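For reference, the structure is listed below as structure tokens.
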Amino acid sequence: MTSRRDFMSTVALVTAGVVGHISLPVLADDAPVSPVDIGSIEQYKADGIVDTFVAKHRFFVVTHDKTIRALSSRCTHKNKALKSDGTQLRCPAHGSLFELDGQMTKGPAKIGLPRSKITLDGDTLRVDPSVEFSHQAAAEPESFVKLAE
Ligand code: FES
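Counting along the sequence shown from 1, when you hit position 146 you're at 521 in my numbering, and nothing is skipped either side.
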């Protein structure tokens with residue numbers, strides 16, 4: 376026979392489990408979903424990695440080879456936060472490396488970084504993190520903005 380104390384303990388554990396189960400995905404998946412104006416295209420003409428939007432929006436703005444991309448700031452291995460060393464994106468968790476076009480050059484990650492939709496409106500660049508292209512979709516027109524020659 377179950378005592379009142381045992382019953383209340385069981386209710387408390389089940390409640391904690393249910394609440395924890397429901398709330399964890401919400402906390403873990405709080406990725407932004409609204410388009411973000413990231414400034415004038417003039418700001419991104421030089422090759423390099425801009426990490427201004429990482430903390431709030433989870434993407435790097437990377438200019439490389441006259442092309443601007445909004446690369447995911449999360450590693451494709453186990454979703455850890457990537458760091459910029461100025462010329463590459465490095466995962467401090469297990470050492471994966473990604474080039475400026477998002478290509479994976481060192482594992483254990485097995486694929487390159489996805490990129491968000493990026494468009495040019497007048498001279499303003501806009502990134503939409505709710506629309507993401509896989510690294511394999513590198514030719515997708517809205518996955519990059521080309522700088523004029
Ligand atoms: S999470 Fe990045 S290499 Fe493992």
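We put the beta carbon where it would ideally sit given N, CA and C, even for glycine.
Nothing here was measured: the structure is a model prediction, and the numbers come from that model.
Quiz item: What do you get for Lys-431, buried or exposed, if any count of 16 or more other CB atoms within 10 angstroms of its CB means buried?
Solution: The residue labelled residue 431 in the question sits at position 56 within the sequence shown. Lys-431 should be labelled exposed.
Quiz item: Can you tell me the Cα-Cα spacing of Ala-513 and Gly-487, whole angstroms?
Solution: Here residue 513 is taken as the residue at index 138 of the sequence shown, counted from 1. Here residue 487 is taken as the residue at index 112 of the sequence shown, counted from 1. Roughly 10 Å between the two C-alpha positions.
Practice problem: List in chain order: all unbroken beta strand (DSSP E) runs of 3+ residues lying wholly within the region 410-489. | Solution: 411-415, 423-425, 434-439, 442-447 and 479-481
Quiz item: Of the residues Asp-422, Ser-448, His-439 and Asp-440, which one's Cα is nearest the Cα of Phe-428?
Solution: Residue 428 sits at position 53 when you count from the first residue of the sequence shown. Of the listed residues, the one whose Cα sits closest to Phe-428 is Ser-448.
Quiz item: Excluding the five sequence neighbours on either side, which residues of its own chain have a C-beta within less than 7 Å of the C-beta of Gly-477, listed in chain order?
Solution: Here residue 477 refers to the residue found at position 102 when the sequence shown is read from its first residue. Within the same chain, Gly-477 has close Cβ partners Arg-444, Leu-446, Gly-487, Leu-488, Arg-490 and His-510.
Quiz item: Would DSSP call Ser-505 helix, strand or coil?
Solution: In the sequence shown, residue 505 corresponds to position 130, counting from 1. Ser-505 falls in the strand class under three-state DSSP.
Exercise. Kindly indicate which residue of Ala-468, Ser-471, His-452 and Val-436 has the alpha-carbon position closest to the one of Asp-422.
Key: What you label residue 422 is simply residue 47 of the sequence shown in a count that begins at 1. The residue with the shortest Cα to Cα distance from Asp-422 is Val-436.
Quiz item: When we look at the beta-carbon of Ala-456 and count the other beta-carbons within 10 Å, is it buried (16 or more) or exposed?
Solution: Position 81 of the sequence shown, counted from the first residue, corresponds to residue 456. Classification of Ala-456: exposed, given that the 10 Å Cβ count is below 16.
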